[in-house]
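What follows is a set of notes on a single structure, which appears directly below.
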Amino acid sequence: MNTETPNDDFWLSPSQDRHQAEDLCTALEQRARSGAPMLGFQLKHATLAGINLVNHGQRQGFVLRGADLYRADLQGAHLFALDLRGSSLMKADLRDANLHCADLRDCNLLGVRLEGARLDNVLWDRRLIQERKGRERRAAGDGDSARQLFEEAEETYRNLRLRLEKAGLFEQAGQFFHREMVMRRLQMPRLSGRRALSWLVDLFCGYGEKPLNVVLFSLGLVLVCGLLYFMVGVRHGDLPLGLALERGLAENLMDLLDCLYYSVVTFTTLGYGDITPHGLARPIAAFEAFVGSFTMALFVVVFVKKMTR
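Residue numbers (my numbering): 14 to 322.
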């Protein structure tokens with residue numbers, strides 16, 4: 014590389030050897046500060062350790078979209094607020110780099126090294142590019158390619174989760190853990206028991222990352238069982254409680270509220286004994302009590318897991 018400022022052909026040509034290029038960091042820094050566009054730059058294996066691409070004095074960072082940074086050396090790089098959207102960071106070395114506020118959406122992050130990197134306020138995709146492509150391949154009927162992409166997505170989610178946990182960013186780490194487990198489930202046979210069980214765990218608690226799911230499920234179960242008690246009838250002492258068409262709306266509404274109260278008592282296994290089931294209400298009550306005791310224990314585990322990070 015000569016001392017002249019490289020032109021676009023240099024940056025966009027994939028045949029250029031940048032592994033041993035001298036003053037590459039300086040040239041890229043100058044290009045960024047010149048305001049010229051930096052789209053689709055080919056920087057495979059580039060040695061960019063310690064590069065400073067911080068747009069000082071500006072609210073927005075430099076734009077380096079669609080770049081190919083496969084196995085690039087970016088150790089200790091200063092990349093604050095850098096827009097890398099759509100770039101390939103596959104197996105890039107970003108150890109100890111400053112990625113604070115960087116935009117990494119639509120990036121290929123498979124195998125990226127992030128040990129010691131600053132990752133707070135990074136813009137991540139809700140679903141990584143491998144997951145999105147895997148779902149597209151599965152919809153097209155290409156199961157083998159889809160499973161391969163799901164495997165890559167699981168590996169990438171796991172890597173990001175571990176790095177975020179090390180950085181103390183547990184909320185984002187929990188989100189990536191959830192996606193990691195979803196990717197593992199999607200690799201299982203579609204009609205297998207393991208996949209069905211994994212789906213149920215996701216539905217009930219989001220693999221331990223969504224305590225609100227447990228609360229919503231509990232409320233839903235209490236409501237459904239309360240309506241069933243109202244339909245089949247329960248007893249308050251010698252008095253029947255339940256739907257009676259010959260009575261007025263107000264009386265039926267009071268019985269419905271009593272049935273909902275009984276459902277809450279049964280779900281929490283308090284068992285006051287003022288209202289008792291009979292007939293078809295008995296198996297419903299037994300099922301609700303069993304599921305309720307399990308669900309409350311599950312909520313405690315999920316809540317403690319979230320709060321003790």
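Built from N, CA and C at the ideal position, the CB exists for glycine as well.
At least 8 Å separates the beta-carbon of Ser100 from that of Arg131. If you check the CB distance, Asp116 and Arg140 do not come in under 8 Å. Per the coordinates, the alpha-carbon of Ala310 lies some 26 Å from the alpha-carbon of Glu178. According to the DSSP assignment, Ile142 belongs to the alpha helix (DSSP H) that extends over Ile142 to Ala152. Annotation: the continuous alpha helix (DSSP H) that includes Pro224 extends over Pro224 to Val245. Comparing alpha carbon positions, the residue from Thr279, Arg118, Leu112 and Glu193 closest to Leu127 is Leu112. Residue pairing of Leu254 in beta bridges, as defined by DSSP: Val247. Between the stretch 175–189 and the stretch 146–159 there are fewer than three inter-stretch CB-CB distances shorter than 8 Å, so the stretches are not counted as touching.
Its Cα nearest to that of Val315, the residue Phe217 stands out among Thr281, Phe217 and Glu168.
Rounded to the nearest whole angstrom, the CA to CA distance from Phe307 to Gln185 is 28 Å. Rounded to whole angstroms, the Cβ separation of Asn68 and Ala85 is 20 Å, and the two are not in contact under 8 Å.
With respect to Leu123, Leu82 sits apart: the two C-beta atoms are not nearer than 8 Å. Closest option to Arg198, judged by alpha-carbon separation, among Asp215, Gly187, Phe183 and Phe189: Asp215. The beta carbon of Leu256 is closer than 7 Å to those of Phe243, Met244 and Asn265 in its chain, skipping five residues each way along the sequence. Beta-bridge partners assigned by DSSP to Asp96: Val76 and Asp116. Exposed is the label assigned to Val237, since fewer than 16 other Cβ atoms lie within 10 Å of its Cβ. Checking the DSSP bridge columns, you'll see Ser101 partnered with Asp81 and Asn121. Distance from Lys146 to Gly221 at the Cβ level is roughly 27 Å; contact not present, criterion being Cβ atoms closer than 8 Å. Here Leu25 carries a helix assignment [DSSP, helix/strand/coil]. Assignment of Arg260 by DSSP, reduced to helix, strand and coil, places it in the coil class.
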